[in-house]
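Numbering (the working numbering), first residue to last: 145 to 352.
Beta carbons are placed, not taken as given, at the ideal position from N, Cα and C, and that holds for glycine.
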């Protein structure tokens, strides 16, 4: 599985270089150096674009867990956790469980934990939001690890207003559009919604 991911990662990077007529860089520098620089440039640009939208609109299009999502989308784009289905639904579940925990423990209108510190209701809200997010992502088969951070961001009071949910999902969608465009330009069959399941025996073969 690790070798297959490495091949797909290099296919993405080399495909983008070929599209930009910069394939000579792949021959001049080591694969690790090229992939690391690609990660730096792509991560910087993708988050900068979303942050600029947040600046112009003065809305919370950018939030911490998007950084982890961006890394997964561009470093392991063909992993199931990087599919649009898992990414979008994972963050949706995380945000909803965060808001539910705020209401459950009477924190819907409480100041952020950054300003007031952590008390017992906040501990319970954070624990409940992460636990239920993990449960539902596994139950619904939409695991996306950064969504756990989204649950904590909400339950700790950093994004406490439910009307921010569409903005959160819009930020995720913008990042997914970038991932779809870049991966398809590189020749990877990044899905519109979900990855097709691996053929029987693919995992066993990859591990050999």
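| said: Once the 5 residues before and after residue 188 are set aside, which same chain residues still bring their CB inside 7 Å of it? | reply: Counting from 1 along the chain shown, the entry for residue 188 is found at position 44. There are no such residues.
| task | Put residue 348 into one of helix, strand or coil per three-state DSSP. | result | In the chain shown, the residue the question calls residue 348 occupies position 204. With a pLDDT of only 38 at residue 348, under 50, the local geometry of the prediction cannot be trusted, and the value read off the model is given with reservation. Reduced to three states, the DSSP call for residue 348 is helix.
| said: Below 8 Å, how does it come out for the region 258 to 269 and the region 202 to 214: are there three or more Cβ pairs, yes or no? | reply: No, the region 258 to 269 is not in contact with the region 202 to 214.
| task | Can you say whether residue 327 is buried or exposed, counting buried as having 16 or more other CB atoms within 10 angstroms of its CB? | result | Translated into positions along the chain shown, residue 327 becomes position 183. Result: buried.
| Taking the runs of the alpha helix (DSSP H) that are 4 residues or longer, which of them lie wholly in the region 151 to 235? | Within the region 151 to 235, the complete alpha helix (DSSP H) runs of at least 4 residues fall at 168 to 172, 175 to 201, 209 to 219.
| field | Candidates 199, 227, 307, 301: closest to residue 249 by CA position | value | Against the chain shown, residue 249 aligns to sequence position 105. Looking at the Cα atoms, 301 is the closest of the given residues.
| message | For residue 323, which residues in the same chain have their Cβ closer than 7 Å to its Cβ, ignoring the five residues on either side in sequence? | response | Against the chain shown, residue 323 aligns to sequence position 179. Contacts found: 217, 218, 221, 334.
| Residue from 339, 330, 336, 337 with nearest C-alpha to residue 156 | Residue numbering aside, residue 156 sits at position 12 when the chain shown is read from its first letter. Nearest C-alpha to residue 156: 330.
| message | Three Cβ pairs or more, each shorter than 8 Å: is that satisfied between the region 292 to 299 and the region 172 to 183? | response | They do not touch, by the three-pair rule.
| task | Please go through the same chain and pick out, in chain order, the residues whose beta-carbon is closer than 8 Å to the beta-carbon of residue 379, but skip the five residues on each side of it. | result | The structure shown does not extend to residue 379, since the chain spans only 145 to 352, so no value can be given for it.
| query | Going by other Cβ atoms of all chains shown within 10 Å of its Cβ, with 16 needed for buried, is residue 255 buried or exposed? | reply | Your numbering for residue 255 matches position 111 in the chain shown. With fewer than 16 Cβ atoms within 10 Å of its Cβ, residue 255 is classed as exposed.
| Where do the ends of the alpha helix (DSSP H) carrying residue 337 lie? | Indexing the chain shown from 1 puts residue 337 at position 193. In the DSSP annotation of this structure, residue 337 is not part of any alpha helix (DSSP H), being labelled neither H nor E.
| Distance, Cα to Cα, residue 179 vs residue 280? | Taking the chain shown and counting its residues from 1, the one referred to as residue 179 is at position 35. Taking the chain shown and counting its residues from 1, the one referred to as residue 280 is at position 136. So the two alpha carbons sit approximately 34 Å from each other.
| field | Test item: CB-CB of residue 126 and residue 229 under 8 Å | value | Nothing in the structure corresponds to residue 126, since the chain is present only between 145 and 352.
| field | Rounded C-alpha distance that separates residue 237 from residue 177 | value | Position 93 of the chain shown, counted from the first residue, corresponds to residue 237. Position 33 of the chain shown, counted from the first residue, corresponds to residue 177. If you draw a straight line from the Cα of residue 237 to the Cα of residue 177, it is about 36 Å long.
| query | Using the C-alpha atoms, what's the distance from residue 231 back to residue 312? | reply | For the purposes of this step, residue 312 is taken as the residue at position 168 of the chain shown. For the purposes of this step, residue 231 is taken as the residue at position 87 of the chain shown. Going by C-alpha positions, residue 312 is about 12 Å away from residue 231.
| residue 265, enclosing alpha helix (DSSP H) - first and last residue | As a first step, residue 265 is located in the chain shown; it is residue number 121 there, counting from the start. First-last of the alpha helix (DSSP H) with residue 265: 264 to 284.
| query | Between the C-alpha atoms of residue 314 and residue 191, what's the straight-line distance to the nearest angstrom? | reply | Within the chain shown, numbered from 1, the residue matching residue 314 stands at position 170. Within the chain shown, numbered from 1, the residue matching residue 191 stands at position 47. Distance between residue 314 and residue 191, taken at the CA atoms: about 13 Å.
| said: Rounded to the nearest angstrom, what separates residue 159 and residue 182 at their Cα positions? | reply: Locating residue 159 in the chain shown gives position 15, where the first residue counts as 1. Locating residue 182 in the chain shown gives position 38, where the first residue counts as 1. Their backbone Cα atoms lie some 12 Å apart in a straight line.
| said: For residue 273, which residues in the same chain have their Cβ closer than 6 Å to its Cβ, ignoring the five residues on either side in sequence? | reply: Along the chain shown, read from residue 1 onward, the residue named residue 273 stands at position 129. Same-chain partners within the cutoff: 241, 242, 245, 295, 299.
| task | Please state if the CB of residue 282 and the CB of residue 234 are separated by a distance shorter than 8 Å. | result | In the chain shown, residue 234 corresponds to position 90, counting from 1. In the chain shown, residue 282 corresponds to position 138, counting from 1. Result no, Cβ atoms of residue 234 and residue 282 do not sit closer than 8 Å.
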